[in-house]
Every structure is written in C-alpha cells, then in structure tokens.
Amino acid sequence: MASSSNLVPSTLPMNDQDVLSTPDTISNLAEIIQCQKQILAENQQFKHSLNQHETAINNLVQLIDRLTDTEASIGAIKPEITTHVGTVNSSSVTLASNLDPATKQLRAKQIYSLY
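For the sequence shown, the working numbering begins at 202 and goes up steadily by one.
Spelled out as structure tokens, the structure:
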C-alpha cells in the first residue's frame, strides 16, 4: 500500500521506496543475501577442491616421470602414489557433487522464489 505522504490513490501500485521498505521485501532480501553468501562459500570450496585435484594429478604425473626416467622401484614411491591417488579420488567426489545439476537447480529455485 502506498504511504500517505505520497498522496496516491490506494488502487495504484506502491512506489519503489514503499516496496523496498516492506517487511517481506526486507526479509526476502536478507534471505537472498544469505543464499548468495552460501553460494560464494560453496564456490570457494569448489575452487579449493579443484586446486587440490589439479595438484594431486600433477604430483602423480611427476611420480610417473620419476618411474620412467630413473627406473625407480615402484615400491619406493608407492606411499606417495597412494596418497595422491586418494586425494584425486576424494576431490573427484567433491567436484562431482558440486557440479550436480539437481543441486544447482534446487539452489536456483531457492533464490528465485524469494524475488
């Protein structure tokens, strides 16, 4: 409803200032901001997982190079290989869950339902 200071008939829509001052709008904006903060945090976690994934893959490549270049015994570097393969597997699961279309669609619906 329009504020009395605007002297507008009640049948006309509220002006922008009135709309922005309603409790529902303020609450929705707060929820939108909270969702955006959560998305930002998830994106930062995704970036961190992606960096871990890339580092672990690069480490595996270096270990493979060591095996072929120096003909090192696989037993000597097996613990390193196990560690990096474990990191790749773990980060793969994290990356896959962050890329899940159902999760992204749910998040989008959450935000846009607030508008």
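Every residue, glycine too, gets a C-beta built ideally from N, C-alpha and C.
- Taking Pro-302 as the centre and dropping the five residues before and after it, the same chain places no C-beta closer than 6 Å to its C-beta.
- For the pair Leu-230 and Asn-244, the Cα-to-Cα distance works out to about 21 Å.
- Under the three-pair Cβ rule at 8 Å, the segment 278-289 does not count as touching the segment 234-248.
- For Thr-288, the CB contacts under 7 Å within the same chain, skipping 5 residues up- and downstream, are Gln-253, Ala-257 in chain order.
- Asn-299 and Gln-306 have their C-alpha atoms spaced approximately 12 Å apart.
- The Cβ atoms of Thr-295 and Ser-250 lie closer than 8 Å to each other.
- Bounds of the alpha helix (DSSP H) holding Ser-291 are 275-299.
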